[in-house]
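Step one of this worksheet: look at the structure below.
Residue numbers (the numbering used here): 109 to 209.
This is how it looks when you write it as C-alpha cells:
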C-alpha cells in the first residue's frame, strides 16, 4: 500500500548576510538621495530635521552632510541585514517544509 503523504525536510533557502546587506544598504542610500531631492523640490514638506536625528553629523545642504547621510543610510542597511539574516536562517531552518517545494 502506498501513501501520498508529503515528505518533509528541515532545510530552507538561506539568506546571505552580504547579499542582504548590500541590497538593503543600497536601497536605503538611494531612498535617502531621493528624499533629499524631494526636499529640494518641495521645501515646505522637507524632512531635513528628521535626518539630523537619524544621521549623527548630518548638516542640511552641505556636501559633507549628504555624504554622511549616504554612508550612514548604507550602514543602517547592513545593520538590518546583520540582525535579520541570521534570525531568518535560524527560524527557517527549524520549520519543516515539504520536499520538492
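Each residue gets a CB set at the ideal place from its N, CA and C atoms; glycine is no exception. Small disclaimer: the values here were computed from a predicted structure and weren't measured.
Environment of residue 136 [buried if 16+ CB atoms lie within 10 Å]:
Under the 10 Å beta carbon count, residue 136 is surrounded by 16 or more other beta carbons and is classified as buried.
Opening and closing residue of the alpha helix (DSSP H) in which residue 123 lies
Neither: residue 123 is in no alpha helix (DSSP H) and is coded neither H nor E.
Please report the distance separating the alpha-carbon of residue 144 from that of residue 197.
Rounded to whole angstroms, residue 144 to residue 197 spans 35 Å at the Cα level.
Should residue 182 and residue 133 be called a contact, given that it needs their Cβ atoms to be closer than 8 Å?
The Cβ-Cβ distance between residue 182 and residue 133 falls below 8 Å.
As assigned by DSSP and simplified to three states, the class of residue 181:
It is helical.
Since residue 161 is in the alpha helix (DSSP H), which residue starts that stretch and which ends it?
Unbroken alpha helix (DSSP H) run through residue 161: 156-162.
Leaving out five residues before and five after residue 166 in sequence, what residues of the same chain have Cβ atoms less than 8 Å from its Cβ?
Cβ neighbours of residue 166 beyond the five flanking positions: 159, 160, 173, 176, 177 and 180.
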